[in-house]
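Numbering (our numbering), first residue to last: 28 to 116. Here a beta-carbon is modelled for each residue, glycine too, at the ideal position from N, C-alpha and C. Below is one structure, written out as structure tokens; comments come after it.
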């Protein structure tokens with residue numbers, strides 16, 4: 028029967044945001060972070076708009092990552108630009 032199923036799904040990003048010690052890098056490692064930004068997930072945007080996150084995002088955007096850094100980190104730098112843009116919508 029349909030009503031027996033729990034269709035209330037919580038994204039992994041929301042679960043991470045419920046942790047008290049979540050970091051920006053933990054969130055950036057999530058596969059669905061961009062979708063959550065585009066969907067304007069309020070908890071995520073509130074977290075990203077905090078002073079310490081904004082400073083870290085600006086730092087990640089304005090400084091070129093070292094060449095010897097892992098390719099995944101380079102992708103995170105690009106994602107920061109997108110997340111920063113979503114914060115200002």
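* With distances taken between CB atoms, is the gap from residue 75 to residue 64 smaller than 9 Å? -> Here residue 75 is taken as the residue at index 48 of the chain shown, counted from 1. Here residue 64 is taken as the residue at index 37 of the chain shown, counted from 1. Yes, Cβ-Cβ distance for residue 75 and residue 64 is below 9 Å.
* Helix, strand or coil for residue 70 per DSSP? -> Taking the first residue of the chain shown as 1, we reach residue 70 at position 43. It is helical.
* Exposed or buried, what is residue 86 when buried is set at 16 or more other beta-carbons lying within 10 Å of its beta-carbon? -> Reading the chain shown from its first residue, position 59 is the one you call residue 86. Answer is exposed; the Cβ neighbour count stays below 16.
* Where do the ends of the alpha helix (DSSP H) carrying residue 62 lie? -> By 1-based counting over the chain shown, the position of residue 62 is 35. Per DSSP, residue 62 belongs to the alpha helix (DSSP H) from 60 to 65.
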